[in-house]
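J.: This note's numbering numbers the first residue of the sequence shown as 14 and each following residue consecutively. Where is the CB? At the ideal position from N, CA and C, for every residue including glycine.
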Amino acid sequence: MSTHNIVFDIGGMRFRSGIVDDEGRLTNQVAFESHTLPKEIVEHITRIVESNALIARDPIVGIAIGGMVETNGGVTSGAMNMFEFPLLERLQLRYPVVVLNDAKAAALAESRFNPNLREKSSFVLMTVSAGIGGGVVINGELYEGHTGVAGEVGHMIIDRGQNAYCRLGHRGCLDALASGRAVNNRLKQFWREGHWTQFEREVELRDLPQLLAQCDGMAHRLVEEAGKWIGAGVMHIIRVVDPCEIVFKGYLMTELWQYIHPSIASVLASYERGIPLSLSSLGENVGLIGAGIAAERLRESLAKV
Ligand SMILES: [Zn+2]
14 MSTHNIVFDI
24 GGMRFRSGIV
34 DDEGRLTNQV
44 AFESHTLPKE
54 IVEHITRIVE
64 SNALIARDPI
74 VGIAIGGMVE
84 TNGGVTSGAM
94 NMFEFPLLER
104 LQLRYPVVVL
114 NDAKAAALAE
124 SRFNPNLREK
134 SSFVLMTVSA
144 GIGGGVVING
154 ELYEGHTGVA
164 GEVGHMIIDR
174 GQNAYCRLGH
184 RGCLDALASG
194 RAVNNRLKQF
204 WREGHWTQFE
214 REVELRDLPQ
224 LLAQCDGMAH
234 RLVEEAGKWI
244 GAGVMHIIRV
254 VDPCEIVFKG
264 YLMTELWQYI
274 HPSIASVLAS
284 YERGIPLSLS
294 SLGENVGLIG
304 AGIAAERLRE
314 SLAKV
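(1) Which residue from Leu121, Leu67, Val141 and Leu235 puts its Cα closest to that of Ile151?
(2) Do Lys133 and Glu258 come within 7 Å of each other at the CB atom, strictly closer than that value?
(3) Return the residue from the list Asn127, Val112 and His168 that minimises the CA-CA distance to Gly305.
(4) Could you tell me the boundaries of the beta strand (DSSP E) in which Phe45 lies?
(5) Are the segment 103–118 and the segment 69–81 in contact at 8 Å, needing three or more beta carbon pairs?
(6) Quick one: what's got a C-beta closer than 7 Å to Leu315's C-beta in the same chain, skipping five residues either side?
(7) With distances taken between CB atoms, is the gap from Val33 to Val43 smaller than 7 Å?
(8) Mapping the DSSP letters down to three states, classify Asn298 as helix, strand or coil.
(9) I need the straight-line Cα distance from Val149 to Phe261, nearest angstrom please.
(10) Can you check whether the CB of Gly147 is closer than 7 Å to the CB of Gly158?
(11) Have a look at Glu237 and Tyr272 and give me their C-alpha separation to the nearest angstrom.
(12) Return helix, strand or coil for Phe203, following the three-state DSSP convention.
(13) Beta-carbon separation of Leu101 and Gly86 under 7 Å?
(14) Can you name the start and end residues of the alpha helix (DSSP H) that His249 belongs to?
(15) Just to confirm, does Cys186 get its C-beta within under 6 Å of one of the non-hydrogen atoms of ligand 1?
(16) How many angstroms separate the CA atom of Leu290 from the CA atom of Arg234?
(17) Identify the residues that DSSP records as bridge partners of Asn114: which are they?
(18) Under DSSP, the alpha helix (DSSP H) around Glu154 begins and ends at which residues?
(19) Val280 and Lys241 - do their beta-carbons sit closer together than 7 Å?
(20) For the beta strand (DSSP E) containing Val318, list its first residue and its last residue.
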């Protein structure tokens, strides 16, 4: 008999939930834009678990969240203003709960359901959304590291000479240079400096596809620069992990792939072996499906106790 779990994917701006079975099939999906406080996120989760528990029998709750998540379920720095927030501890639910980073959840989902990766023992998933994160799969297993924060590729220092800081205060890390947040800040700055006067308000990330489609030189240079920084990050990953493939997800990749892929690939052109770069095969549900796999893994480990 199939099992069902209640799953969440909490990103920088979007809150998703659903029920997923052990074959990765999703139902009862809810998604809304949200930028709220950790306390309210706890309330959202609690309310949705209570209503979905009427449908999903004996569920495990799987929560994928953008940000640095330790093995104890604490969020060091994450989506929805979570800083040093003990998410797992604050959730007083009647069911077992697992909390993991959203890129790691996506890596679990790709590892299991992406047909192109089934024969590939080692790959790295990189998410480039509001922030940049990663999930490392080695010999078919998600590598979590000593404290659970392995694969945080966004905080690799790429260029300390740049006057750009991430939310953790690192100067010149990949997140500070090429995340959606970083690109958004640069767009706004250019607009304030007098560029793109056709817009009567600050230019934001959501305007970028339109500018690129109009062959705006400045927008193209900005994306090319972000791509080159991401390429430098990918090169570091390759040197340490030697993966078979790099899989990307997140807004900057899914929406801008045709523009950003060539500049990432140009940095990697010097890599003697070459490496496939691809987009996530599971689309926007990848985090929810991965949270379901993490929930199943918790179910199996609890059954052994
Ligand atoms: Zn950083």
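T.: Reading off the structure:
(1) Here the closest residue by C-alpha is Leu121.
(2) Yes; because the gap between Cβ atoms is below 7 Å, this pair is in contact.
(3) Selection Asn127, Val112 and His168 evaluated against Gly305 yields Val112 as nearest (Cα-Cα).
(4) From DSSP, the beta strand (DSSP E) with Phe45 extends over Leu39 to Glu46.
(5) Touching, yes, given that three or more Cβ pairs across the two stretches are closer than 8 Å.
(6) The beta carbon of Leu315 sits closer than 7 Å to the beta carbons of Pro109 from its chain, once the five residues preceding and following it are set aside; these are given in chain order.
(7) No. Outside cutoff.
(8) DSSP places Asn298 in helix when its eight states are reduced to three.
(9) Looking at the two C-alpha atoms, the distance is approximately 12 Å.
(10) For Gly158 and Gly147, no; Cβs fall outside 7 Å.
(11) C-alpha separation (whole angstroms): 8 Å.
(12) Looking at Phe203 - three-state DSSP - the assignment turns out to be helix.
(13) In contact: Leu101 and Gly86 (Cβ atoms closer than 7 Å).
(14) Per DSSP, His249 belongs to the alpha helix (DSSP H) from Gly230 to Val254.
(15) Taking 6 Å as the cut-off, the C-beta of Cys186 counts as close to a heavy atom of ligand 1.
(16) C-alpha separation (whole angstroms): 21 Å.
(17) Per DSSP, Ile78.
(18) From DSSP, Glu154 is part of no alpha helix (DSSP H) but of the beta strand (DSSP E) over Glu154 to Tyr156.
(19) Pairing Lys241 with Val280 gives a Cβ-Cβ distance under 7 Å.
(20) Neither: Val318 is in no beta strand (DSSP E) and is coded neither H nor E.
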